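In terms of this note's numbering, the sequence shown opens at residue 320 and continues consecutively. The beta carbon of each residue, even a glycine, is placed where N, CA and C say it ideally should be. Model, not experiment: these values are computed from the prediction. Here's the structure, in C-alpha coordinates; my notes come after.
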Amino acid sequence: MPSLTRLYEEQGQSVWLDNLTRPYLQDNTLFRLVNHGVRGVTANPTIVANAIESSDAYDQQFHSLITGGHTVEDAYWHLVITDVIDALRILRPTFDNSRSDGFVSIEVAPECAHDTEATKTSARTLHERIHEPNLLVKIPATGPGVRAIEAMIGEGRSINVTLIFSLARYRQVLEAYLSGLETLARRGGDLSGVHSVASFFVSRVDSEVDHRLEKLGADEALALRGRAAVAQAKLAYRLFRDAHTGARWERLADRGAHVQRPLWASTSTKNPHYPDTLYVDNLIGPDTVNTLTESTMRAFEDHGTVARTIDVGGAEAQEVMHAIAEAGVNMDDVGDTLETDGIAAFQAAFTHVLGTLDAKTHALSDR
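As C-alpha coordinates, this is what we get:
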(Lines of atoms letter the chains of each structure in order from A and count residues from 1; the text may use other names and numbers.)
(Lines give C-alpha, C1' and ligand atoms only; values in the text may rest on other atoms or scores of the structure.)
Protein backbone atom coordinates (compact mmCIF):
# COMPACT_ATOMS: atom_id res chain seq x y z
CA MET A 1 0.00 0.00 0.00
CA PRO A 2 1.35 3.47 -0.83
CA SER A 3 2.36 5.49 2.20
CA LEU A 4 3.91 8.83 3.00
CA THR A 5 6.80 7.04 4.70
CA ARG A 6 7.50 4.97 1.60
CA LEU A 7 7.54 8.11 -0.52
CA TYR A 8 10.30 9.52 1.64
CA GLU A 9 12.32 6.37 2.28
CA GLU A 10 12.15 4.94 -1.24
CA GLN A 11 11.93 8.05 -3.43
CA GLY A 12 13.32 10.92 -1.36
CA GLN A 13 10.13 12.97 -1.55
CA SER A 14 8.78 14.66 1.57
CA VAL A 15 5.07 15.20 2.13
CA TRP A 16 4.05 18.36 3.94
CA LEU A 17 0.55 19.14 5.12
CA ASP A 18 -1.14 22.00 3.31
CA ASN A 19 -3.13 23.21 6.30
CA LEU A 20 -2.61 24.75 9.72
CA THR A 21 -5.48 25.39 12.12
CA ARG A 22 -5.74 25.69 15.88
CA PRO A 23 -8.18 22.76 16.17
CA TYR A 24 -5.52 20.59 14.46
CA LEU A 25 -3.11 21.63 17.17
CA GLN A 26 -5.53 21.31 20.07
CA ASP A 27 -6.86 17.85 19.22
CA ASN A 28 -3.42 16.44 18.28
CA THR A 29 -4.37 15.96 14.62
CA LEU A 30 -1.09 17.50 13.49
CA PHE A 31 0.88 15.36 15.93
CA ARG A 32 -0.81 12.21 14.60
CA LEU A 33 -0.18 13.22 10.99
CA VAL A 34 3.50 13.80 11.74
CA ASN A 35 3.69 10.32 13.25
CA HIS A 36 1.97 9.09 10.09
CA GLY A 37 4.70 10.49 7.84
CA VAL A 38 3.97 14.20 7.35
CA ARG A 39 7.30 16.02 7.42
CA GLY A 40 6.31 19.71 7.34
CA VAL A 41 3.46 22.20 7.22
CA THR A 42 2.53 24.95 4.81
CA ALA A 43 -0.29 27.45 4.92
CA ASN A 44 -1.24 30.65 3.12
CA PRO A 45 -3.37 33.71 3.91
CA THR A 46 -6.50 32.00 2.58
CA ILE A 47 -6.00 28.90 4.74
CA VAL A 48 -5.26 31.05 7.78
CA ALA A 49 -8.31 33.25 7.19
CA ASN A 50 -10.59 30.25 6.80
CA ALA A 51 -9.23 28.75 10.00
CA ILE A 52 -9.86 31.88 12.05
CA GLU A 53 -13.29 32.54 10.54
CA SER A 54 -14.59 28.98 10.88
CA SER A 55 -13.55 28.22 14.45
CA ASP A 56 -14.15 29.66 17.89
CA ALA A 57 -10.79 28.29 19.02
CA TYR A 58 -9.23 31.71 18.53
CA ASP A 59 -11.85 33.75 20.38
CA GLN A 60 -10.41 33.66 23.87
CA GLN A 61 -6.94 34.76 22.79
CA PHE A 62 -8.39 37.39 20.45
CA HIS A 63 -10.58 38.85 23.19
CA SER A 64 -7.59 39.00 25.52
CA LEU A 65 -5.49 40.77 22.90
CA ILE A 66 -8.15 43.35 22.07
CA THR A 67 -8.95 44.13 25.69
CA GLY A 68 -5.21 44.44 26.22
CA GLY A 69 -5.03 47.26 23.72
CA HIS A 70 -3.85 45.53 20.55
CA THR A 71 -5.15 46.60 17.16
CA VAL A 72 -7.12 44.11 15.09
CA GLU A 73 -4.24 43.56 12.66
CA ASP A 74 -1.71 43.12 15.43
CA ALA A 75 -4.06 40.67 17.13
CA TYR A 76 -4.34 38.74 13.85
CA TRP A 77 -0.58 38.30 13.69
CA HIS A 78 -0.50 37.16 17.32
CA LEU A 79 -3.10 34.49 16.50
CA VAL A 80 -1.19 33.26 13.48
CA ILE A 81 2.19 33.31 15.17
CA THR A 82 0.84 31.36 18.14
CA ASP A 83 -0.28 28.56 15.82
CA VAL A 84 3.01 28.59 13.92
CA ILE A 85 5.07 28.36 17.12
CA ASP A 86 2.99 25.42 18.34
CA ALA A 87 3.41 23.66 14.99
CA LEU A 88 7.15 24.36 15.00
CA ARG A 89 7.46 22.57 18.33
CA ILE A 90 5.63 19.53 17.01
CA LEU A 91 7.84 19.41 13.91
CA ARG A 92 11.10 20.20 15.70
CA PRO A 93 12.11 16.53 16.23
CA THR A 94 11.71 15.96 12.48
CA PHE A 95 13.96 18.93 11.83
CA ASP A 96 16.56 17.86 14.38
CA ASN A 97 16.70 14.34 12.95
CA SER A 98 16.86 15.36 9.30
CA ARG A 99 17.98 18.99 8.93
CA SER A 100 16.00 18.93 5.70
CA ASP A 101 12.39 18.69 6.90
CA GLY A 102 10.33 19.66 9.91
CA PHE A 103 9.57 23.13 8.58
CA VAL A 104 6.53 25.31 9.14
CA SER A 105 5.82 28.29 6.87
CA ILE A 106 4.32 31.69 7.58
CA GLU A 107 3.69 34.21 4.81
CA VAL A 108 4.57 37.89 4.73
CA ALA A 109 1.62 40.29 4.64
CA PRO A 110 -0.06 40.09 1.21
CA GLU A 111 0.10 43.86 0.66
CA CYS A 112 3.91 43.56 0.52
CA ALA A 113 3.86 41.47 -2.66
CA HIS A 114 4.89 44.26 -5.03
CA ASP A 115 7.17 46.15 -2.64
CA THR A 116 10.69 44.81 -2.15
CA GLU A 117 11.52 46.88 0.92
CA ALA A 118 8.20 46.16 2.63
CA THR A 119 8.67 42.45 1.96
CA LYS A 120 12.15 42.51 3.46
CA THR A 121 10.88 44.33 6.54
CA SER A 122 7.98 41.89 6.98
CA ALA A 123 10.25 38.86 6.56
CA ARG A 124 12.78 40.19 9.08
CA THR A 125 10.02 40.92 11.58
CA LEU A 126 8.59 37.41 11.31
CA HIS A 127 12.02 35.83 11.71
CA GLU A 128 12.67 37.97 14.77
CA ARG A 129 9.29 37.22 16.35
CA ILE A 130 9.60 33.49 15.67
CA HIS A 131 13.24 32.75 16.27
CA GLU A 132 13.22 29.04 15.39
CA PRO A 133 15.56 27.20 12.99
CA ASN A 134 12.71 25.28 11.33
CA LEU A 135 10.74 28.38 10.33
CA LEU A 136 10.33 29.27 6.66
CA VAL A 137 9.02 32.71 5.80
CA LYS A 138 6.97 32.62 2.60
CA ILE A 139 7.63 35.33 0.03
CA PRO A 140 5.65 35.47 -3.24
CA ALA A 141 7.80 35.23 -6.35
CA THR A 142 6.73 38.52 -7.89
CA GLY A 143 9.45 40.64 -9.48
CA PRO A 144 9.91 42.72 -6.31
CA GLY A 145 9.52 39.55 -4.26
CA VAL A 146 12.40 37.83 -6.05
CA ARG A 147 14.67 40.75 -5.21
CA ALA A 148 13.61 40.49 -1.57
CA ILE A 149 14.24 36.74 -1.62
CA GLU A 150 17.81 37.23 -2.78
CA ALA A 151 18.38 39.80 -0.04
CA MET A 152 16.90 37.56 2.66
CA ILE A 153 18.99 34.56 1.63
CA GLY A 154 21.99 36.90 1.67
CA GLU A 155 21.15 37.70 5.29
CA GLY A 156 21.05 34.01 6.17
CA ARG A 157 17.26 33.69 6.44
CA SER A 158 15.31 30.59 5.44
CA ILE A 159 12.64 31.24 2.81
CA ASN A 160 9.74 29.44 1.16
CA VAL A 161 9.41 31.04 -2.26
CA THR A 162 5.73 30.84 -3.16
CA LEU A 163 3.35 31.48 -6.07
CA ILE A 164 5.68 30.27 -8.84
CA PHE A 165 3.68 29.56 -11.98
CA SER A 166 6.14 29.70 -14.88
CA LEU A 167 9.56 28.43 -15.89
CA ALA A 168 10.67 31.99 -16.61
CA ARG A 169 9.95 33.05 -13.04
CA TYR A 170 11.47 29.86 -11.65
CA ARG A 171 14.75 30.61 -13.40
CA GLN A 172 14.79 33.97 -11.63
CA VAL A 173 14.08 32.28 -8.30
CA LEU A 174 16.95 29.82 -8.75
CA GLU A 175 19.30 32.66 -9.62
CA ALA A 176 18.14 34.67 -6.61
CA TYR A 177 18.85 31.72 -4.33
CA LEU A 178 22.34 31.13 -5.67
CA SER A 179 23.19 34.82 -5.71
CA GLY A 180 21.89 35.20 -2.16
CA LEU A 181 24.05 32.31 -0.98
CA GLU A 182 27.07 33.85 -2.69
CA THR A 183 26.40 37.13 -0.89
CA LEU A 184 26.12 35.29 2.42
CA ALA A 185 29.39 33.48 1.70
CA ARG A 186 31.19 36.76 0.99
CA ARG A 187 29.91 38.06 4.33
CA GLY A 188 31.34 35.04 6.10
CA GLY A 189 27.90 33.66 6.96
CA ASP A 190 26.92 30.09 7.73
CA LEU A 191 25.39 28.67 4.57
CA SER A 192 24.40 25.46 6.32
CA GLY A 193 21.86 27.38 8.40
CA VAL A 194 19.89 28.52 5.35
CA HIS A 195 17.04 26.39 4.02
CA SER A 196 14.70 27.11 1.13
CA VAL A 197 12.00 25.56 -1.00
CA ALA A 198 10.58 26.89 -4.25
CA SER A 199 6.81 26.38 -4.31
CA PHE A 200 5.81 25.64 -7.89
CA PHE A 201 2.03 25.69 -8.27
CA VAL A 202 0.52 22.94 -10.37
CA SER A 203 -3.24 22.44 -10.65
CA ARG A 204 -3.96 26.12 -11.22
CA VAL A 205 -1.74 25.95 -14.30
CA ASP A 206 -3.92 23.27 -15.86
CA SER A 207 -7.07 25.21 -14.97
CA GLU A 208 -5.85 28.33 -16.75
CA VAL A 209 -4.26 26.57 -19.73
CA ASP A 210 -7.31 24.34 -20.21
CA HIS A 211 -9.52 27.43 -20.23
CA ARG A 212 -7.40 29.00 -22.96
CA LEU A 213 -7.25 25.80 -24.99
CA GLU A 214 -11.03 25.50 -24.85
CA LYS A 215 -11.41 29.05 -26.08
CA LEU A 216 -9.21 28.16 -29.06
CA GLY A 217 -11.48 25.19 -29.72
CA ALA A 218 -9.37 23.31 -32.27
CA ASP A 219 -9.12 19.55 -31.83
CA GLU A 220 -5.34 19.79 -31.50
CA ALA A 221 -5.73 22.34 -28.71
CA LEU A 222 -8.41 20.37 -26.87
CA ALA A 223 -6.22 17.26 -26.92
CA LEU A 224 -3.66 19.11 -24.81
CA ARG A 225 -5.98 19.73 -21.87
CA GLY A 226 -4.72 18.44 -18.54
CA ARG A 227 -1.12 18.10 -19.70
CA ALA A 228 0.49 21.50 -19.14
CA ALA A 229 0.97 21.40 -15.36
CA VAL A 230 2.79 18.08 -15.13
CA ALA A 231 4.87 18.81 -18.22
CA GLN A 232 5.94 22.20 -16.88
CA ALA A 233 6.76 20.75 -13.46
CA LYS A 234 8.96 18.08 -15.04
CA LEU A 235 10.85 20.78 -16.92
CA ALA A 236 11.13 22.78 -13.69
CA TYR A 237 12.76 19.77 -12.04
CA ARG A 238 15.28 19.69 -14.85
CA LEU A 239 16.07 23.36 -14.18
CA PHE A 240 16.47 22.52 -10.50
CA ARG A 241 18.96 19.77 -11.28
CA ASP A 242 20.90 21.99 -13.67
CA ALA A 243 21.14 24.80 -11.11
CA HIS A 244 22.51 22.46 -8.46
CA THR A 245 25.33 20.98 -10.51
CA GLY A 246 28.57 22.45 -11.79
CA ALA A 247 31.37 24.54 -10.34
CA ARG A 248 29.18 27.40 -9.11
CA TRP A 249 27.01 25.12 -7.02
CA GLU A 250 29.93 23.01 -5.81
CA ARG A 251 31.61 26.08 -4.35
CA LEU A 252 28.46 26.79 -2.35
CA ALA A 253 27.92 23.15 -1.37
CA ASP A 254 31.48 23.01 -0.07
CA ARG A 255 30.49 25.82 2.29
CA GLY A 256 27.53 23.78 3.55
CA ALA A 257 24.74 25.06 1.27
CA HIS A 258 21.55 23.03 0.96
CA VAL A 259 19.72 22.61 -2.33
CA GLN A 260 16.58 24.69 -2.78
CA ARG A 261 14.08 21.88 -3.20
CA PRO A 262 11.13 22.22 -5.55
CA LEU A 263 7.86 22.06 -3.63
CA TRP A 264 4.83 21.02 -5.65
CA ALA A 265 1.94 23.15 -4.42
CA SER A 266 -1.75 23.24 -5.32
CA THR A 267 -1.67 19.51 -6.00
CA SER A 268 -5.32 18.71 -5.39
CA THR A 269 -7.03 18.37 -8.76
CA LYS A 270 -9.52 21.12 -9.52
CA ASN A 271 -11.04 19.35 -12.53
CA PRO A 272 -13.24 16.46 -11.32
CA HIS A 273 -12.56 14.61 -14.58
CA TYR A 274 -8.86 14.27 -13.73
CA PRO A 275 -7.50 11.53 -11.43
CA ASP A 276 -7.36 12.78 -7.86
CA THR A 277 -3.70 11.76 -7.52
CA LEU A 278 -2.64 13.21 -10.89
CA TYR A 279 -0.30 15.77 -9.33
CA VAL A 280 1.16 13.31 -6.84
CA ASP A 281 1.79 10.17 -8.90
CA ASN A 282 3.46 12.08 -11.73
CA LEU A 283 5.75 14.33 -9.67
CA ILE A 284 7.64 11.89 -7.44
CA GLY A 285 11.39 12.16 -7.17
CA PRO A 286 14.36 12.90 -4.92
CA ASP A 287 14.92 16.29 -3.33
CA THR A 288 11.29 17.32 -3.78
CA VAL A 289 8.39 18.19 -1.51
CA ASN A 290 4.70 17.73 -2.22
CA THR A 291 2.35 19.69 0.02
CA LEU A 292 -0.98 17.88 0.26
CA THR A 293 -4.39 18.40 1.74
CA GLU A 294 -5.65 15.60 3.95
CA SER A 295 -8.09 14.47 1.27
CA THR A 296 -5.34 14.13 -1.33
CA MET A 297 -3.17 12.28 1.19
CA ARG A 298 -5.96 9.79 1.77
CA ALA A 299 -6.50 9.37 -1.96
CA PHE A 300 -2.81 8.72 -2.55
CA GLU A 301 -2.58 6.20 0.26
CA ASP A 302 -5.66 4.44 -1.10
CA HIS A 303 -4.73 4.16 -4.76
CA GLY A 304 -1.57 6.14 -5.51
CA THR A 305 1.69 4.74 -6.85
CA VAL A 306 5.12 5.04 -5.23
CA ALA A 307 7.55 5.26 -8.14
CA ARG A 308 10.06 7.78 -9.45
CA THR A 309 8.25 9.73 -12.15
CA ILE A 310 9.50 13.31 -12.02
CA ASP A 311 12.27 12.80 -14.57
CA VAL A 312 10.45 10.23 -16.69
CA GLY A 313 9.20 11.52 -20.02
CA GLY A 314 11.29 14.67 -20.15
CA ALA A 315 11.32 14.77 -23.95
CA GLU A 316 7.55 14.31 -24.03
CA ALA A 317 7.14 17.15 -21.54
CA GLN A 318 9.13 19.41 -23.83
CA GLU A 319 6.96 18.37 -26.76
CA VAL A 320 3.78 19.11 -24.80
CA MET A 321 4.97 22.59 -23.92
CA HIS A 322 5.96 23.22 -27.52
CA ALA A 323 2.56 22.02 -28.75
CA ILE A 324 0.77 24.28 -26.27
CA ALA A 325 2.77 27.25 -27.52
CA GLU A 326 2.06 26.29 -31.13
CA ALA A 327 -1.65 26.12 -30.30
CA GLY A 328 -1.49 29.76 -29.23
CA VAL A 329 -1.10 29.66 -25.44
CA ASN A 330 1.68 31.83 -24.03
CA MET A 331 2.90 30.16 -20.84
CA ASP A 332 4.63 33.29 -19.57
CA ASP A 333 1.33 35.13 -19.84
CA VAL A 334 -0.39 32.23 -18.06
CA GLY A 335 2.15 32.60 -15.26
CA ASP A 336 1.63 36.34 -15.03
CA THR A 337 -2.15 35.92 -14.87
CA LEU A 338 -1.99 33.27 -12.17
CA GLU A 339 0.49 35.29 -10.15
CA THR A 340 -1.78 38.33 -10.26
CA ASP A 341 -4.81 36.22 -9.35
CA GLY A 342 -2.94 34.49 -6.52
CA ILE A 343 -1.80 37.74 -4.93
CA ALA A 344 -5.31 39.19 -5.26
CA ALA A 345 -6.88 36.12 -3.64
CA PHE A 346 -4.49 36.25 -0.70
CA GLN A 347 -5.07 39.97 -0.25
CA ALA A 348 -8.84 39.48 -0.37
CA ALA A 349 -8.65 36.72 2.25
CA PHE A 350 -6.44 38.88 4.47
CA THR A 351 -8.80 41.84 4.18
CA HIS A 352 -11.83 39.65 4.85
CA VAL A 353 -10.44 38.05 7.99
CA LEU A 354 -9.48 41.46 9.37
CA GLY A 355 -13.07 42.53 8.74
CA THR A 356 -14.35 39.46 10.55
CA LEU A 357 -12.09 40.15 13.50
CA ASP A 358 -13.08 43.80 13.51
CA ALA A 359 -16.73 42.77 13.76
CA LYS A 360 -15.84 40.69 16.79
CA THR A 361 -14.34 43.76 18.47
CA HIS A 362 -17.67 45.57 18.03
CA ALA A 363 -19.47 42.60 19.54
CA LEU A 364 -17.10 42.83 22.49
CA SER A 365 -17.76 46.54 22.97
CA ASP A 366 -21.52 45.92 22.92
CA ARG A 367 -21.38 43.54 25.86
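Straight-line Cα distance separating residue j from residue i
i: Thr596; j: Ser485; result: 22 Å
i: Pro342; j: Ala362; result: 15 Å
i: Asp566; j: Ile629; result: The sequence shown places Ala at residue 566, not Asp. Between Ala566 and Ile629, the C-alpha separation is close to 25 Å.
i: Arg418; j: Val334; result: 15 Å
i: Tyr556; j: Pro581; result: 7 Å
i: Glu447; j: Pro429; result: 19 Å
i: Asp372; j: His671; result: For clarity, residue 372 is Glu in the given sequence; the question names Asp instead. Taking the straight line joining both Cα atoms gives about 9 Å.
i: Phe665; j: Asp346; result: 27 Å
i: Asn649; j: Glu539; result: 16 Å
i: His382; j: Asp405; result: 20 Å
i: Met471; j: Tyr496; result: 9 Å
i: Phe669; j: Glu474; result: 28 Å
i: Leu543; j: Ile409; result: 43 Å
i: Pro452; j: Pro321; result: 31 Å
i: Asp529; j: Gly545; result: 7 Å
i: Gly344; j: Thr481; result: First, the residue type needs correcting, since residue 344 is Leu and not Gly in the sequence shown. Their backbone Cα atoms lie some 24 Å apart in a straight line.
i: Ala636; j: Gln551; result: 7 Å
i: Arg411; j: Val360; result: 12 Å
i: Ser498; j: Leu676; result: 41 Å
i: Lys534; j: Ala646; result: 11 Å
For residue i, the residue or residues it bridges with in DSSP
i: Thr607; result: Gln332
i: Ala517; result: Val480, Pro581
i: Asp337; result: Thr361
i: Ile425; result: Val456
Selection from the options that minimises the alpha carbon distance to residue i
i: Leu602; options: Phe665, Ala376, Trp583; result: Trp583
i: Tyr593; options: Glu569, Arg617, Val549; result: Val549
i: Asp600; options: Ala642, Lys553, Glu638, Arg408; result: Lys553
i: Leu445; options: Glu426, Thr435, Thr461, Asp434; result: Glu426
i: Pro364; options: Leu384, Ala678, Gln332, Gly661; result: Gly661
i: Thr610; options: Asp621, Leu558, Ser585; result: Ser585
i: Val353; options: Leu407, Ala394, His397, Asp375; result: Leu407
i: Asp573; options: Asp525, Leu349, Leu510, Gly623; result: Leu510
i: Arg560; options: Phe520, Tyr598, Ser614, Gly604; result: Gly604
Continuous alpha helix (DSSP H) stretch holding residue i: start and end
i: Lys553; result: 547-562
i: Lys439; result: 435-448
i: Ser498; result: 486-505
i: Val631; result: From DSSP, Val631 is part of no alpha helix (DSSP H); its letter is neither H nor E.
i: Thr386; result: 378-386
i: Asn649; result: No alpha helix (DSSP H) holds Asn649; DSSP gives it neither H nor E.
Assumed close pair residue i, residue j - CB separation to whole angstroms, cut-off 8 Å
i: Ile483; j: Ser518; result: 6 Å
i: Cys431; j: Ser441; result: 5 Å
i: Ala464; j: Thr438; result: Just to set this straight, residue 464 is Gly in the shown sequence, not Ala. Contact flag correct, Cβ pair sits at about 6 Å.
i: Asp420; j: Arg488; result: Incorrect: roughly 25 Å between the Cβ atoms, too far for contact.
i: Leu689; j: Leu500; result: Nothing about residue 689 can be read from this structure; the chain reaches only from 320 to 686.
i: Leu455; j: Phe422; result: 5 Å
i: Met640; j: Leu323; result: About 30 Å separates the two Cβ atoms, so there is no contact after all.
i: Ser374; j: Thr340; result: 7 Å
i: Leu284; j: Leu398; result: Residue 284 lies beyond the residue range present for the chain, which begins at 320 and ends at 686; the question has no answer from this structure.
i: Thr607; j: Asn338; result: Thr607 to Asn338, Cβ: 20 Å. No contact.
9 Å Cβ cutoff, residue i in contact with chain C
i: His450; result: The question asks about chain C, but that chain is absent: this structure has only one protein chain.
Residue i, enclosing beta strand (DSSP E) - first and last residue
i: Lys534; result: Careful: Lys534 lies outside any beta strand (DSSP E), inside the alpha helix (DSSP H) at 522-535.
i: Pro591; result: Segment: none, Pro591 is in no beta strand (DSSP E) and carries neither H nor E.
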